[in-house]
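Read left to right, the sequence shown gives residues 0 to 262 (numbering that gives the first Met the number 0). Even for Gly, the Cβ is constructed at its ideal location relative to N, Cα and C. Written below as structure tokens is the structure these notes are about.
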Amino acid sequence: MTAEGSTLRVTAAEVNGLLGRHFTENFDGEAKTALREQFASEHIVPLRQLCPPELFAPIKDEACSIMDRYGVNHDLVFEITDNTPRSMTTVGQPVIKDEGPLIDAFYFSSELLEFVSGIVGEQVHSCPYAGEHYVISRLGKSGDTHGWHWDDYTYGIILVLEAPPYTEGGFVQAVPHTSWDKENPDVYGALISSQVRSYALEAGDAYVVKTNTTMHRVHPIRGEGRRTIVNMTLASTEDLTKPMTHETNDTLFGGVRDPRSAG
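Take a look at the structure:
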């Protein structure tokens, strides 16, 4: 049985241990120092093959099955981010909570939180707003994009499940050390005044972004490329004490399920 086969079985209870062993075996002190230094400079850092192969295949199967059954297509622009586009297919947290035990275990893994905390240089926490714990998105046709934006919470970690070669788009672009004025968003001003960095990712990679001060997007898909990811939000300690709003998340991913309608 191989990690490529869908017959491989991993339980949610095993996820934390698998991640801990993988981090210990593949990210030594020198590697983690390099990641910390890159993140401190660029506020985004690729984490190559972050997900161990024996876990990656089952998580990919789980996420793609959820996407195929529950995905909702969007073709929107958001005034709050200077009318940048969102052309994508999404699944929100409530469905994943019910249907995706491996994704849930990955997000709440103490090993993952410790690993990311070491990279960003401060303690990170699961997001206090459940609707932003984790979402799945797919760019599946030419022109699909997750346009320029910032996020409310400080950090995001994105697990790449499917990715086209960079020649077909789908790579990440980031502009660090910028700010989001929701009353007067200025995407073009940030592009003119700052350096845009681009990062090609492969399936099994992840990346961490300081999302509240790093304007970022996914370059539009072209041709037959397809990109599927699990996006997970992490909070800084300061975030836990600040009022937050969730306009774009709730529109794209559905927010949280109204407890009054449960059951």
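- Message: Assuming N72 is part of the beta strand (DSSP E), what are its boundary residues?
- Response: Here residue 72 refers to the residue found at position 73 of the sequence shown. Run containing N72: 71 to 77, per the beta strand (DSSP E) assignment.
- Message: How far does the alpha helix (DSSP H) with A173 in it extend, from its first residue to its last?
- Response: As a first step, residue 173 must be located in the sequence shown, where it is residue number 174. First-last for A173: 171 to 174, but that is the beta strand (DSSP E), not the alpha helix (DSSP H).
- Run through DSSP, which three-state label would R8 get? Position 9 of the sequence shown, counting from 1, holds the residue named residue 8. Assigned with DSSP and collapsed to three states, R8 falls in coil, not helix or strand.
- Task: Would you identify the three-state DSSP class for L18, choosing helix, strand or coil?
- Result: Your numbering for residue 18 matches position 19 in the sequence shown. Here L18 sits in helix by DSSP.
- Query: Just curious, the alpha helix (DSSP H) that T32 is in, first and last residue?
  - Reply: Translated into positions along the sequence shown, residue 32 becomes position 33. Per DSSP, the continuous alpha helix (DSSP H) segment holding T32 begins and ends at 28 to 41.
- Are the beta-carbon atoms belonging to I65 and E41 less than 7 Å from one another? By one-based count along the sequence shown, residue 65 stands at place 66. By one-based count along the sequence shown, residue 41 stands at place 42. No, the pair does not count as a contact, with Cβ atoms beyond the cut-off.
- Message: Using the three-state DSSP reduction, which class does I118 fall into: helix, strand or coil?
- Response: What you label residue 118 is simply residue 119 of the sequence shown in a count that begins at 1. In the three-state scheme derived from DSSP, where H, G and I count as helix and E and B as strand, I118 is classed as helix.
- Query: Nearest-angstrom Cα distance between Y133 and Y106?
  - Reply: By one-based count along the sequence shown, residue 133 stands at place 134. By one-based count along the sequence shown, residue 106 stands at place 107. About 7 Å.
- Proximal residues to Y206 (C-beta, below 7 Å), its chain only, five neighbours per side dropped: Taking the sequence shown and counting its residues from 1, the one referred to as residue 206 is at position 207. Hits under 7 Å: I43, V44, P45, L46, I157, V171, Y198, L200.
- Test item: CB-CB of V186 and W149 under 7 Å: Taking the first residue of the sequence shown as position 1, residue 186 is located at position 187. Taking the first residue of the sequence shown as position 1, residue 149 is located at position 150. No, the pair does not count as a contact, with Cβ atoms beyond the cut-off.
- Message: Suppose contacts are defined by Cβ-Cβ distances below 7 Å. Is L18 in contact with E110 by that definition?
- Response: On the sequence shown, position 19 is the one that residue 18 refers to. On the sequence shown, position 111 is the one that residue 110 refers to. Contact flag set, yes.
- Query: Cα separation between Y267 and D151?
  - Reply: Nothing can be reported for residue 267: it is not among the residues displayed for the chain, which extend from 0 to 262.
- Which of helix, strand or coil does DSSP assign to L200? The residue you call residue 200 lines up with position 201 of the sequence shown. Under the three-state reduction of DSSP output, L200 falls in the coil class, being neither helix nor strand.
- CA nearest to the CA of E24, picked from Q48, D180, I220: The residue labelled residue 24 in the question sits at position 25 within the sequence shown. Checking every option, the nearest Cα to that of E24 belongs to Q48.
- Task: May I have the straight-line CA-CA distance separating T80 from T213, to the nearest angstrom?
- Result: Reading the sequence shown from its first residue, position 81 is the one you call residue 80. Reading the sequence shown from its first residue, position 214 is the one you call residue 213. T80 and T213 have their C-alpha atoms spaced approximately 13 Å apart.
- From which residue to which residue does the beta strand (DSSP E) around E161 run? Numbered from 1 along the sequence shown, position 162 holds the residue referred to as residue 161. Note, E161: beta strand (DSSP E), 154 to 161.
- May I have the straight-line CA-CA distance separating V159 from I228, to the nearest angstrom? Taking the first residue of the sequence shown as position 1, residue 159 is located at position 160. Taking the first residue of the sequence shown as position 1, residue 228 is located at position 229. Rounded to whole angstroms, the gap between the alpha carbons of V159 and I228 is 5 Å.
- Query: Who are the near neighbours of V195 in its chain, counting only those whose CB is closer than 6 Å to its CB and skipping five residues on each side?
  - Reply: As a working note, residue 195 is residue 196 in the sequence shown. So the list reads Q172, V174, once near-sequence residues are dropped.
- Taking the C-alpha atoms as reference points, what is the distance between P52 and A189? For the purposes of this step, residue 52 is taken as the residue at position 53 of the sequence shown. For the purposes of this step, residue 189 is taken as the residue at position 190 of the sequence shown. For P52 and A189, the distance between alpha carbons rounds to 38 Å.
- Message: Rounded to whole angstroms, what is the Cα-Cα separation between V14 and I118?
- Response: For the purposes of this step, residue 14 is identified with residue 15 of the sequence shown, where counting begins at 1. For the purposes of this step, residue 118 is identified with residue 119 of the sequence shown, where counting begins at 1. The alpha-carbon atoms of V14 and I118 are separated by roughly 20 Å.
- Message: According to DSSP, simplified to helix, strand and coil, what is V207?
- Response: Mapped onto the sequence shown, residue 207 falls at position 208. When DSSP states are grouped into helix, strand and coil, V207 belongs to the strand group.
- Where N248 falls, given that 16 or more other Cβ within 10 Å makes a residue buried: Against the sequence shown, residue 248 aligns to sequence position 249. Of the other Cβ atoms in all chains shown, 16 or more fall within 10 Å of the Cβ of N248; this residue is therefore buried.
- Query: Among V94, R35, T232, E36, which has the Cα closest to the Cα of D67?
  - Reply: Here residue 67 refers to the residue found at position 68 when the sequence shown is read from its first residue. Ranking the options by Cα distance to D67, first place goes to V94.
- Quick one: is T244 buried, meaning 16 or more other Cβ sit within 10 Å of its Cβ, or exposed? The residue you call residue 244 lines up with position 245 of the sequence shown. By the C-beta density criterion, T244 is exposed, having fewer than 16 other C-beta atoms within 10 angstroms.
- Once you ignore the five residues that flank P164 on each side, which residues in its own chain have a CB closer than 6 Å to its CB? Residue 164 sits at position 165 when you count from the first residue of the sequence shown. Cβ neighbours of P164 beyond the five flanking positions: none.
- Task: List the DSSP bridge partners of M231.
- Result: Here residue 231 refers to the residue found at position 232 when the sequence shown is read from its first residue. Per DSSP, Y133, I156.
- Message: Quick check for students: name the residue ranges of the alpha helix (DSSP H) that lie wholly in the region 41 to 110, counting only runs of 4 or more.
- Response: Runs of the alpha helix (DSSP H) inside the region 41 to 110: 52 to 69, 92 to 98, 100 to 106.
- Using 10 angstroms around the beta-carbon of G222, count the other beta-carbons present and answer buried if the total reaches 16, otherwise exposed. For this step, residue 222 is matched to residue 223 along the sequence shown. In this structure G222 is exposed. Its beta-carbon is surrounded by fewer than 16 other beta-carbon atoms within 10 angstroms.
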